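Residue numbers (the working numbering), protein chains in the order written: chain A, 205 to 439; chain B, 24 to 390.
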């Protein structure tokens, strides 16, 4: 059984259907990407999964239905979302942001150990731990958002467009960290417009187009697919 | 001098305590008894501002109808301790009930607004504030609950057994007036409210409030039950408002809907903004300044009469003019408030620092 299983997910905004009955699944330990152009419905699908948007269809996580459960309960079940646009708490310090990631945890000693782990992964954050998060650069904010999500010790990490609005070299750096996190065994669902990078780091991928999944398969195959190459890899 | 005290916090604390204890006598001797009443009102407004600060400063929910909870506390006190219904319950029974009722209304009024943010929330809460006031204005028929625009009179003063705070009492030959006695009572309540507000700020709930203030979606993704946490902010703020309302009714002995208008809500909000949103010492400073300064402006009338022989500009008009100018100047030159928290000050004056830092970190990655 998959860790995350989505069946016939439907999302409407008023009269407009943003997601048209998509199916996808993520196995434990996998890095799966969901790619597609701007406005294809990728972010909406992710928001539906974590309960931020009302939706039709089935979402099962570790065997239990997530349908009609509020976002905070879904977070408590072990899904950590790194929201689109990062969603850092700008007027809190870096350390306070990380502490918010551990909001539901009661194991104070393990939380302290996790701070050190996050600071080791992102030395930049350690240097700036007392600084307001809103004063960080975009790339640092993205690192903070990922670090904050990891502080909850999730079973499934959901990343919404981590490359958005970042300088190309910073994007490279963020992706190196995503890979490092995946190598440690984290299950990740990555929503990304930058198909080239996403297909490079992931094992499997789904291609989304105007609300529906049009292609799915191992990332290497997708990257070699002529359709994908033309539409998303700029060839 | 300041450094000297900073190194000796206990001495500083004792000095502040002595100063606060002596303040009504110093003010009464120097400026006259009416100024002691101004001090009492300043303390009431400190309570209100600290309450609203929980909603606006901590949780970031712009509430323009806060005075409704002040009104509820005041009216409940009047219902349970005045000749209106012939009830004369003691204050220690009435005040908690009033605070609780206001807290319940905080949740009731907060619930429908949960999905609203910013301007929309402000407009809806503004409406709620007016609804309560209009209710109080019109609930003299079919059953006379509030006496309508005439207001409710002869409200019982706070009394400890037979010791009523409304009278002048003699201590060791010293006559201590009611304004002085209420000052100490209000001061005690302010200290309690301050303590609660400080503890809340550093608590788990305080952190959850800060998170929803900054980014609600991210907060819910952290596992924060945003609905409950917001309702709790409304309830806590309203409770303080209700408490202040009860004290106000007992102190004045008379209440009418006029005291609970929109201007009052805006005034309390201005105290927070002027002082430094979210920062307790700043909020207290704002509340004291905005209560004391308008009173001081009354002297401008006397001064005009002495200099010009007549009053050219009504001090009340002048008050609004100066007030508006002061707010504009604040927004231009000190948007973080007079006494902001260190964090907020840095944030609002850090634009250059960020730009520099931003470009530095891009170069970093390249290098």
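Where is the CB? At the ideal position from N, CA and C, for every residue including glycine.
This one's a predicted model, so the numbers in the text were calculated from it and none came from an experiment.
Taking its Cβ as the centre, do 16 or more other Cβ atoms sit within 10 Å of residue i, making it buried, or is it exposed?
| i | result |
| --- | --- |
| residue 318 of chain A | buried |
| residue 136 of chain B | buried |
| residue 197 of chain A | As shown, chain A starts at 205 and ends at 439. That puts residue 197 of chain A outside it, with no answer to give. |
| residue 364 of chain A | buried |
| residue 98 of chain B | buried |
| residue 183 of chain B | exposed |
| residue 2 of chain B | The shown model of chain B, from 24 to 390, leaves out residue 2 of chain B, and the question about it has no answer. |
| residue 390 of chain B | Reliability of the predicted coordinates at residue 390 of chain B is poor, the pLDDT of 36 falling under 50, and the value obtained from them is presented with this limitation in mind. Result: exposed. |
| residue 237 of chain A | buried |
| residue 195 of chain B | exposed |
| residue 243 of chain B | buried |
| residue 59 of chain B | buried |
| residue 57 of chain B | exposed |
| residue 349 of chain A | buried |
| residue 336 of chain B | exposed |
| residue 33 of chain B | exposed |
| residue 49 of chain B | exposed |
| residue 175 of chain B | buried |
| residue 16 of chain B | Because chain B in this structure spans residues 24 to 390, residue 16 of chain B falls outside the shown range and cannot be described. |
Grab me the residues of residue i's own chain with a C-beta within less than 7 Å of its C-beta, minus the 5 sequence neighbours each way, in chain order.
| i | result |
| --- | --- |
| residue 172 of chain B | 160, 279 and 280 |
| residue 232 of chain B | 81, 82, 252 and 256 |
| residue 305 of chain B | 298, 299, 360, 361, 362 and 363 |
| residue 130 of chain B | 254, 257 and 258 |
| residue 431 of chain B | Summary: the structure shown does not reach residue 431 of chain B, with chain B confined to residues 24 through 390, and so no result is reported for it. |
| residue 247 of chain B | 231, 234 and 235 |
Short of 8 Å in beta carbon distance, which residues of its chain neighbour residue i, apart from the five on each side in sequence? Order them along the chain.
| i | result |
| --- | --- |
| residue 308 of chain A | 279, 280 and 356 |
| residue 388 of chain B | Residue confidence is low: residue 388 of chain B scores 48 on pLDDT, short of 50, so the model does not pin down where it sits. Its coordinate-derived value is still stated next. Here the set comprises nothing. |
| residue 63 of chain B | 202, 205, 206, 209 and 274 |
Does residue i come out as helix, strand or coil in the three-state DSSP assignment?
| i | result |
| --- | --- |
| residue 391 of chain A | strand |
| residue 289 of chain B | helix |
| residue 272 of chain A | coil |
| residue 398 of chain A | coil |
| residue 386 of chain B | Because residue 386 of chain B carries a pLDDT of 47, less than 50, the predicted location of this residue cannot be relied on, and the following value inherits that uncertainty. Here residue 386 of chain B sits in helix by DSSP. |
| residue 306 of chain A | coil |
| residue 205 of chain A | coil |
| residue 211 of chain A | strand |
| residue 60 of chain B | helix |
| residue 404 of chain A | helix |
| residue 359 of chain A | coil |
| residue 417 of chain A | strand |
| residue 303 of chain B | helix |
| residue 18 of chain B | The requested residue 18 of chain B is not part of the displayed model; chain B covers only 24 to 390. |
| residue 316 of chain B | helix |
| residue 225 of chain A | strand |
| residue 252 of chain A | helix |
| residue 159 of chain B | helix |
| residue 235 of chain A | strand |
| residue 105 of chain B | strand |
Do you know offhand how far residue i's Cα is from residue j's?
| i | j | result |
| --- | --- | --- |
| residue 308 of chain B | residue 390 of chain A | 50 Å |
| residue 232 of chain A | residue 227 of chain B | 32 Å |
| residue 218 of chain A | residue 216 of chain B | 45 Å |
| residue 387 of chain A | residue 211 of chain B | 59 Å |
| residue 54 of chain B | residue 240 of chain B | 53 Å |
| residue 197 of chain B | residue 324 of chain B | 34 Å |
| residue 405 of chain A | residue 150 of chain B | 53 Å |
| residue 117 of chain B | residue 123 of chain B | 10 Å |
| residue 347 of chain B | residue 293 of chain B | 10 Å |
| residue 265 of chain A | residue 360 of chain A | 9 Å |
| residue 36 of chain B | residue 214 of chain B | 13 Å |
| residue 168 of chain B | residue 238 of chain B | 43 Å |
| residue 345 of chain B | residue 334 of chain B | 17 Å |
| residue 273 of chain A | residue 258 of chain A | 10 Å |
| residue 245 of chain B | residue 246 of chain A | 21 Å |
So, for residue i: in the same chain, excluding its five sequence neighbours on each side, which residues have a beta-carbon less than 6 Å away from its beta-carbon?
| i | result |
| --- | --- |
| residue 299 of chain A | 333 |
| residue 262 of chain A | 211 |
| residue 236 of chain B | 82 and 83 |
| residue 74 of chain B | 260, 263 and 264 |
| residue 106 of chain B | 177 |
Fill in: Proximal residues, the segment 227 to 246 of chain B versus chain A, C-beta separation under 8 Å
227, 230, 231, 233, 234, 236, 237, 238, 240, 241, 242, 243, 244, 245 and 246
Worksheet item: When Cβ atoms are compared, which residues of the segment 66 to 81 of chain B fall closer than 8 Å to chain A?
Response: none
Worksheet entry | Members of the segment 326 to 344 of chain A near chain D, C-beta cut-off 7 Å | Of the chains in the structure shown, none is chain D; the protein chains are A and B.
Worksheet item: Of the residues that make up the segment 249 to 283 of chain A, which ones have a beta carbon closer than 9 Å to any beta carbon in chain B?
Response: 251, 254, 255, 256, 274, 275, 276, 277, 278, 279, 280 and 283
Worksheet item: Just by C-beta distance, which residues in the segment 393 to 410 of chain A are closer than 7 Å to chain B?
Response: none
Item to complete: Residues of the segment 219 to 248 of chain A with a CB closer than 7 Å to any CB of chain B: list them in chain order, please.
Response: none
Practice prompt. Identify each residue in the segment 301 to 313 of chain A for which the Cβ-Cβ distance to at least one residue of chain B is less than 8 Å, and report them in chain order.
Written response: 303, 304, 305, 307 and 308
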